[in-house]
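Notes to accompany the following structure.
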Ligand SMILES: Nc1ncnc2c1ncn2[C@@H]1O[C@H](COP(=O)(O)OP(=O)(O)OP(=O)(O)O)[C@@H](O)[C@H]1O
Ligand SMILES: [Mg+2]
């Protein structure tokens, strides 16, 4: 991929692009002519009904699933044409946070976070530990949990450890599949903020699939909504709120009404608060 960064053939191309992608499993058609571009540096969130193909699309981005028709490109290069070295390169640039935490229960936090560093780098033990601690701090965790096991941690902490493992290799893109699934409301907000902060601090492109509409609208630069087997609607959160298509509103309005009501209540409480003397 370095050619792209140095102004080679992929320069100027979107980071990822789906062109006319179709996919079926037997008679079950999942995608019909999906087109989508994802530019570097942005946070893009996929939304849509359960089973519409969000996870499938994320897997296509890293070459784990191939389209039946059409192309998925990374920096202008069709993933289907990549050799093993190029695929490895793509996957080392793209960290993937799975729908479950996917931590190794038999390994302590230290070894879970170090996993990719041990596999893919020549760092010595001391440097690995230093990097593990740095990554834990990035996600708001202390080195005190280095020797704890996943089973000892809360759901929110496990999700953070999983994020720490993903950022350890310094990916340019982080792909998050349902990063808030199974968490309580407080942790949903915290993980949302953390994803936003990691994108800003590390300069990564973030691609998410989520059912958390409120968080999606709070942290995304662009939203892409599936409907009828394709990415039917895309836009900034403001554009999606003002979208003319009734299908968009049927999907997002209830969640966003809650946010608006909470914001109105907070504003009212503030205006009624006694003026400090
Ligand atoms: N390997 C596979 N073989 C057969 N069917 C599959 C396979 N992978 C996915 N599917 C089907 O493709 C459809 C899309 O699945 P996918 O997991 O991408 O949905 P999703 O939008 O991520 O759903 P959720 O919101 O519940 O996570 C589902 O109907 C699923 O059963
Ligand atoms: Mg899914």
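Numbering (the working numbering), first residue to last: 9 to 285.
Glycine is no exception: its CB is placed at the ideal position from the N, C-alpha and C atoms.
Got a sec? Which residues, its chain only, sit under 7 Å from residue i by beta carbon, not counting five neighbours each side?
i	result
residue 13	Interpretation of residue 13 is limited by its pLDDT of 46, a score under 50 that renders its predicted location unreliable; the figure taken from the coordinates is listed afterwards. Correct list: empty, nothing qualifies.
residue 151	141 and 144
Say yes only if the C-beta of residue i is nearer than 8 Å to one or more non-hydrogen atoms of ligand 2, and no if none qualify.
i	result
residue 217	yes
residue 107	yes
residue 31	no
residue 186	yes
residue 53	no
Hey, how far is the Cα of residue i from the Cα of residue j?
i	j	result
residue 175	residue 68	21 Å
residue 97	residue 158	29 Å
residue 70	residue 214	14 Å
residue 21	residue 47	8 Å
residue 77	residue 85	16 Å
residue 104	residue 167	13 Å
residue 169	residue 259	32 Å
residue 110	residue 212	21 Å
residue 134	residue 115	18 Å
residue 216	residue 88	22 Å
residue 186	residue 54	10 Å
residue 253	residue 237	16 Å
residue 160	residue 113	10 Å
residue 29	residue 165	37 Å
residue 270	residue 35	44 Å
Any chance the CB of residue i is under 8 Å from a heavy atom of ligand 1?
i	result
residue 74	no
residue 220	no
residue 36	yes
residue 190	no
residue 112	no
residue 26	no
residue 259	no
Closer than 8 Å by C-beta to residue i: which residues in its own chain qualify, once you throw out the five before and the five after it? Chain order, please.
i	result
residue 131	125 and 139
residue 147	168, 169, 171, 172, 175, 202 and 206
Going along the chain, which residues of its own chain have a beta-carbon closer than 6 Å to the beta-carbon of residue i, five neighbours each way excluded?
i	result
residue 235	255
residue 222	263 and 267
residue 153	117
residue 225	245
Could you tell me how far apart the beta carbons of residue i and residue j are, in whole angstroms, since I believe they sit closer than 8 Å?
i	j	result
residue 72	residue 128	Incorrect: roughly 18 Å between the Cβ atoms, too far for contact.
Next on the checklist: Closer than 8 Å is the cut-off here; do at least three beta carbon pairs connect the stretch 123–133 with the stretch 194–211?
Outcome noted: no
Checklist entry - Hey, is the stretch 226–245 in contact with the stretch 181–189, meaning 3+ C-beta pairs nearer than 8 Å? => result no
Checklist entry - Within the chosen definition, does the stretch 39–49 reach the stretch 186–201 through at least 3 CB pairs nearer than 8 Å? => result no
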